[in-house]
Amino acid sequence: MKKILFTAALLTTSSVIFAGCQSTNKSVNTDEKAVDEEKLEIVTSFYPMYEFTKEIVGDQANVSMLIPSSVEPHDWEPSAKDLEQIQNADALVFNNENMETWINEIETTIDTKNLTIIDASKGIDLLPFSAEVHEHEHEHEDKEHAHEGEAHEHEGEEHAHEVEAHEHENGEHTHEGEAHEHEGEAHEHEEHDHYHEFDPHLWLSPKMAIKEVENIANELIKIDPENKEVYETNKNNYVEKLKQLDQTYNETLANVKNKEIITQHAAFGYLADSYGLKQVPIAGLSPDNEPSAKQLNELKEFATEHNINTIFFEENASSKVAETLANELNAKTAVLNTLEGLTEEDEKNGESYISIMEENLKVLQEALK
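With mature numbering (1 follows the signal peptide of the UniProt record, and there is no 0) as the guide, the letters of the sequence shown map in order to residues -19 to -1, 1 to 350.
(1) Anyone know if the C-beta pair for E304 and K281 falls short of 8 Å?
(2) Can you have a look at P49 and say buried or exposed, based on whether 16 or more other CB atoms are within 10 angstroms of its CB?
(3) Can you tell which of L345, E19 and A70 has the C-alpha that lies nearest to the C-alpha of K259?
(4) At 4 residues or longer, what runs of the alpha helix (DSSP H) sit wholly inside the stretch 218 to 292?
(5) Need the endpoints of the beta strand (DSSP E) that K313 sits in, please.
(6) Mind the definition here: the stretch 327 to 346 touches the stretch 65 to 72 only if three or more C-beta pairs lie below 8 Å; say whether that holds.
(7) Is DSSP giving M80 helix, strand or coil here?
(8) Between the stretch 96 to 111 and the stretch 180 to 193, do at least 3 Cβ pairs fall closer than 8 Å?
(9) According to DSSP, simplified to helix, strand and coil, what is V194?
(10) How about the stretch 277 to 293 and the stretch 242 to 249: do they share at least three Cβ pairs that are nearer than 8 Å?
(11) Flag this pair as yes or no: are the beta carbons of V44 and V38 separated by less than 8 Å?
(12) Name the one or two DSSP bridge partners that L73 has.
(13) From A92 to K20, what does the alpha carbon distance come to, in whole angstroms?
(14) Per DSSP, V44 is paired with what?
(15) Just mark K238 as buried or exposed, buried being the case when its beta carbon has 16 or more other beta carbons within 10 Å.
(16) My assumption, with CB atoms under 8 Å, is that L201 sits in contact with N77. Please give the rounded CB distance.
(17) Mapping DSSP to helix, strand and coil, what is P109?
(18) Express the C-alpha separation of L73 and K275 in angstroms, rounding to a whole number.
(19) In the DSSP assignment, the alpha helix (DSSP H) including K350 goes from what residue to what residue?
(20) Alpha carbon to alpha carbon, what distance is there between A235 and P29?
Here is the structure:
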């Protein structure tokens, strides 16, 4: 079911035209190529969407993942090669526009008439981004924008003129105009990222994961009805496992002594909301943000008042801020995995969404007992 590779020009925002692109993921072997073209080609954004989709389709479709596990999904932007991969697909599965902030530009950047874009969060009530986190992120945004202003005068006003001016000012830099244009794109998305309206970390609650899996399955069945029975069977089997995980979370966290968790960034709002916990993030929705001195003092007061003895930080993220706070409180640190990607060790050990969420539960139970 793989679409024929497009040969029309792909116009990116940097005004660079890529024509006659050929997919780098296509097999050279003619027989294998023919077999691949009988299957649905599905591109997913990052790891949870990849696993959920793979569990649904099994071997009946080809599933790939755009964002490498080593890259922070909050910061990722699609390259021209990524856009080509998306255009060559039958479906694109993403989590939520508040996470994949680039998703709304896809329709204006590439031809999507033969592409089904699947929003896994469709119809799910999202948690609002707290005002406390907003205020903190805005402080950092102002500082970042001030530094950007020093380096790039008049940025965001007249990009076309800015690119020309920079090219003449800095000499013969062949790709500088393209680089500045992409920088402008990144800046726009960075700005959007600072203004998250809703929390996008749905997958970190098994309850919400079930809803996302059902959404993905329903949309895939619409575009590949021939495999409806297979997809529904696989979906039902996987959802049953997720329901068991959900039940274990319910039973375990209902019996913990403490209900407050201090996390490095605001990734566990849905988990907390689903299982009767209260999340207090050190930073906002991005793990790269750092708290102000005032916020650290408030966190110390909160931790002391609620007898919190463990500060959580995330897998694949710097633990510096969490360790600083823990040291000042004479508390421990522990890792909660956000499942934004698997490490090489995780893959080697055959880890999955369910196994890592089970490990997260053990960590929470130990810290909150």
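All C-beta atoms, glycine included, are put in the ideal place defined by N, C-alpha and C.
No experiment lies behind these values; they were computed from the predicted model shown.
Once the coordinates are examined:
(1) no
(2) exposed
(3) L345
(4) 250 to 255 and 274 to 286
(5) K313 to L317
(6) Result no; under three Cβ-Cβ pairs closer than 8 Å.
(7) coil
(8) yes
(9) helix
(10) Output reads yes: the stretch 242 to 249 touches the stretch 277 to 293.
(11) Judged by beta-carbon spacing, V38 lies within the 8 Å limit of V44, meaning their Cβ atoms are closer than that value.
(12) V24 and I98
(13) This sequence places Asp at residue 92; Ala is not what is there. Between D92 and K20, the C-alpha separation is close to 21 Å.
(14) I23
(15) exposed
(16) Their Cβ separation, rounded to whole angstroms, is 18 Å, which puts L201 and N77 out of contact at 8 Å.
(17) Strand at P109.
(18) Straight across, the Cα-Cα distance linking K275 with L73 is about 42 Å.
(19) That residue, K350, is in no alpha helix (DSSP H); it is neither H nor E in DSSP.
(20) 26 Å
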